[in-house]
Structures are given as C-alpha cells and as structure tokens.
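Numbering-wise (my numbering), the sequence shown opens with residue -8 and increments by one.
Take a look at the structure set out below.
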Amino acid sequence: MATAIPSAFVLPSVQAQTATKTGVSTASPAGLGFKPAEPTRWNGWLQVDAAYGWQSPGHFQNLRTMAELAGRGAWENGAKWKLSAQASLDAAYGISDHYLPGVRRDQRAELRLREAYVDFGAGSWEFRLGKQNIVWGEMVGLFFADVVSAKDLRSFVLPEFEQIRIPQWAARAEWFGDDTHLELVWLPAPEVDRIGEPGAEFFPWPPQYQGYGYSILGDERPSRRLSNSGIGARVSTLVSGWDLTAFVYRAPDTQAAFNRSLVPGATPADPQSVVYQARYDKVTRIGGTVSKDFDGIVAKAEIVHTSGRKFGLLPLDAGSGLAELDTIDWAASLDFTPADDWRVNAQFYQRAFLDHDAATGTDRRENGMSLLVAHALTGRLDAEFLGITSLNRSDRLLRAMLTWKPDANRRIRAGVDVFAGNPLGLFGRFDNSDRLWAEYRYSF
C-alpha cells in the first residue's frame, strides 16, 4: 500500500521543438510534427489470483486472470501519449451459483480502457487531455483527500489503490512556478464508484426492516449534461520543507446515497416493500494536505469539507430516508523506520458532522485509527500487517500478508483479511466476507 504522494503530480516537459518567435508552429503541413520521435515503449503485467471466503457456505470470491498492456510514445513536436487497456476473466462466477445472475454478469469478464491521453506544453503550462488518473491525496488503507477519483469498490478497499481508482475522461492544465504548482481540471462526464450488483460480496446493502419487502432498483446516475460536469482547482507550494496543498472540487458525488420509498403490496394483505435506488447528487469538496519529512519521520495530514452529501436515516418514517449533512473528514499519520528493514505507519482519522442527525446511527464525531507494520524478512521476502478500527464501536479490518519477489519481474503474495464488528459499521457489515487469498503477477 502506498503511503506517500509526491508534492506535485509533475507532467513531463513537452515544449514544442518547432516554434517561431511568435510561437506559431513551423512543423511540416503533412503531419504538423506528429511523426514518432522514438519507438513505442510497451509494458504490462499478467496476474492470476484467488480468494476463498471460509464463512459458511465456503466459496471462492474470485478465481481471476487479469492482464494489462500499456504503450507510451512521443512525437517530434514534443507531445507525448499513453494508452493502456485491461482484461479480466473470473472463473469464480462461472463454476458456482453462489452469486446471483446479475452479479455473475457484472464480474465474470471485463475488457476496459484504462488510460488514453496526450501530454503537451506551452511555456510554464502543461496539458493532459484524455482518460487519466487524477490523484490529490493518499493515506494508508482508506481514501480521504482523493476526491476526484471514482473507485471500483466491488472488492471494497482490499486491492491495491492503483487498481481501485477508475481513470476519468478529463482536461487538465498545470502551471509550474519555482516552488508553486497550480492544477485546473474539468471532467465532462465524471464517473461514480462501482459498487457492483445487489448480492455481490462487498455490496453496501442499505438497511432491511422486519415485516417489509425489500428491493433495490438500478442506479439513478447523473445525466450527461454540462451542469453535471466536474470542475476543480488545486494549488501546492513548498514552504521551509512543508509540502502544502489546497483544493476545491465540485461534481456529482462518487459515493451512492440510497433513496428510500415505501411501496404498497400487490393486495391489501401483502406487506409494504422498502424500495431503494442509488443516486449521486452534486457535492462541493474543499480541503488540503500537508506533509513534512523530519529526518526520516514523515508527518502527513489530509482534510476535506464536504457539503451537499446525503446520508441514510434509519427510521422507516423518515421520508426519502436521506438527510443532507455537511462533514469534515481528516486524517493524520506518522510514517517511520524504527530499525533496519522495519516500517511503521500510525494513523488517526475522524469524520465530524457539522449538522449531526442521530437518525443516521452515527456519532457526531466518528473516530478511527490504523496501524501498518512492515518488515523485510529477507532481501526478497516481506511481511506486512494492517489493522484499521473504529474508536466509537466494535468495527475493524485486520490484514496480514507475505510478499515474495524472486526476481524483478515476478511477485507472489498471499494473505488473510478478517472483518468484524457492528453490522452497520464500515467493516462489520462484511463480517461474513473473511477470506484467504493469493496472487501471482508477472510484469514485463
């Protein structure tokens, strides 16, 4: 798991090589400079992984083969490009009827474009157009200031973050000063989190009520119009060794809010049904990050104020079952190496409701902490433990993993993930999804 992020996401310099004093290109009309300046560079990986849930009835959560191929190149006019695609086939959804048909269709096989963009520059400005990752923050185990990225949460937060993030179609402009970096982003059609289909292993089920029917309709996704585009700005600077950033971003929420309604039964004798539908209203997020290296001890913090987000209400008579509540989410961590071949990351995080409603089933301040301990057992074998827990109630995730790298191209990992706690908690709701897992990856 990554625990640090560069002070600024710096794009490569791509100054035009054929410019007159007025800045007008003098490239040949035939190609306007779009002639390859170097051979295309290819890289990628092939991965085979399996996860087995031992809770009764025992079942494979995945038996998957995945591959990614990426190409990079540059043109004579200085512009650069990247194109990557990913494919996967999961046999766990073909050999068993443990999952509902909708889940099997959604997760059995996929072919998707990952990144597809071009980079070019003008003076102190750099531009990136296309499908890309925009990462504004990264902590251990959970997401806080990473507000632009939509996430693939069908395996919750268990995969590597680079696989969870969903690249977005976007236009990005960056300006670079001596110690200052400005970033402007526009997303014409922002993605939302992929939570899977009802019945999936890590589907975030809304509450069920005894004596009532229960159903979940398809998502009500934001329409593809200009008013639903995403727009944001981020500025970063370096002051006396402190890496400081501030940002604002407004777009439809990537997180689903389940709107609730009561539907009468088919006959007067039939019970009413509770019907849910996921929706994604617009939210505004303002925040920042700070980090500094104190002689090998890295201190880091992220904070985000969110307005416009809707939260579920537990009482069945609470109308749509949603309330709009402003929140402040923040996290602070220390990352250090207490001895050779050891690494420790300790983190505290909190969600504070500025206009709290007890009907959400939460406290005004929801606190938690995490501890990551990693140790290099040999030059090729590493052990890692990660624990994340609520400090308000019983709700936790425990992870242990071994990683063996026999050479520069191969990586073999195996581990165990254990969920426990309150059935309405972030982790406790997946109490029946404990698993053993293993993976093999070959990179080229």
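We put the CB at the ideal spot given by N, CA and C, even for glycine.
{"Check": "Under the three-state DSSP convention, the category Y90 falls into", "Outcome": "coil"}
{"Check": "Straight-line gap, L388 to G114 (C-alpha atoms, nearest Å)", "Outcome": "48 Å"}
{"Check": "Alpha-carbon spacing of R212 relative to D408, whole angstroms", "Outcome": "32 Å"}
{"Check": "Euclidean distance between Cα positions of L52 and A82", "Outcome": "At residue 52 the sequence reads Gln, which differs from the Leu that was named. Each residue's alpha carbon lies about 10 Å from the other."}
{"Check": "Beta-carbon gap between T328 and M360 smaller than 8 Å", "Outcome": "no"}
{"Check": "Per-residue DSSP class, three states only, for I125", "Outcome": "coil"}
{"Check": "Backbone secondary structure at N250 - three-state DSSP", "Outcome": "strand"}
{"Check": "Other residues of its chain near P20: CB distance less than 7 Å, five sequence neighbours each side excluded", "Outcome": "Low per-residue confidence applies at P20: pLDDT is 36, beneath 50, and the placement is therefore not dependable, though the value from the model is reported in the following sentence. Contacts found: none."}
{"Check": "N-terminal and C-terminal residue of the beta strand (DSSP E) that I222 is part of", "Outcome": "G221 to V230"}
{"Check": "Residues near F344 in its chain [Cβ-Cβ closer than 6 Å; skip 5 each side]", "Outcome": "L316, T318 and R355"}
{"Check": "Beta strand (DSSP E) segment containing Q268, residue limits", "Outcome": "S264 to R270"}
{"Check": "Euclidean distance between Cα positions of D184 and P27", "Outcome": "37 Å"}
{"Check": "Nearest to W427 (by Cα), restricted to the options L417, S434, F410 and V126", "Outcome": "Note on residue identity: the sequence assigns Leu, not Trp, to residue 427. Selected option, being the one with the closest Cα: F410."}
{"Check": "Span separating the alpha-carbon of F285 from that of G279", "Outcome": "20 Å"}
{"Check": "Beta strand (DSSP E) segment containing Q46, residue limits", "Outcome": "Neither: Q46 is in no beta strand (DSSP E) and is coded neither H nor E."}
{"Check": "Selected residue, minimal CA-CA separation from T171, among A323, R384, G62 and D234", "Outcome": "D234"}
{"Check": "Meets three-Cβ-pair contact criterion under 8 Å: the segment 225 to 244 and the segment 197 to 206", "Outcome": "no"}
{"Check": "The alpha helix (DSSP H) enclosing F152, as first and last residue numbers", "Outcome": "F152 to I155"}
{"Check": "Coarse secondary structure for Q201, derived from DSSP in three states", "Outcome": "coil"}
{"Check": "Same chain only: Cβ atoms within 8 Å of L313, ignoring 5 sequence neighbours per side", "Outcome": "A248, F249, N250, R251, K301, F302, G303 and L304"}
{"Check": "The beta strand (DSSP E) enclosing S324, as first and last residue numbers", "Outcome": "T318 to F327"}
{"Check": "Backbone secondary structure at T380 - three-state DSSP", "Outcome": "strand"}
{"Check": "Residue nearest to G85 in terms of C-alpha spacing, selected from E29, K396, H50 and P150", "Outcome": "H50"}
{"Check": "Inter-residue Cα distance where the pair is F421 and W45", "Outcome": "13 Å"}
{"Check": "Limits of the beta strand (DSSP E) - the one that H436 falls within", "Outcome": "Any answer about residue 436 is impossible in this case: the structure gives the chain only from -8 up to 435."}
{"Check": "A164 beta carbon near the ligand PLP (any heavy atom closer than 7 Å)", "Outcome": "This structure lacks the ligand PLP; in fact it carries no ligand of any kind."}
{"Check": "Start-to-end residues for the beta strand (DSSP E) that takes in V138", "Outcome": "No beta strand (DSSP E) contains V138, which DSSP labels as neither H nor E."}
{"Check": "Supposed contact pair I222 and E182 - C-beta distance, whole angstroms, cut 8 Å", "Outcome": "Contact doesn't hold; Cβ gap of about 15 Å is too wide."}
{"Check": "Sufficient close CB pairs (3 or more, under 8 Å) joining the segment 58 to 74 to the segment 88 to 100", "Outcome": "no"}
{"Check": "Expected contact under 8 Å - CB spacing of L393 and R384 to nearest Å", "Outcome": "Wrong, their Cβ atoms sit about 31 Å apart, outside the cutoff."}
{"Check": "Beta-carbon proximity list for P48, same chain, < 8 Å, skipping 5 on both sides", "Outcome": "H89"}
{"Check": "Whole-angstrom distance between G310 and R55, CA atom to CA atom", "Outcome": "42 Å"}
{"Check": "Separation of D326 from A292, as counted between CA atoms", "Outcome": "11 Å"}
{"Check": "Sequence-distant residues of the same chain with beta carbon closer than 8 Å to A349, five excluded per side", "Outcome": "none"}
{"Check": "Residues sharing a beta bridge with T394, DSSP", "Outcome": "D373 and R404"}
{"Check": "The beta strand (DSSP E) enclosing R103, as first and last residue numbers", "Outcome": "A100 to A113"}
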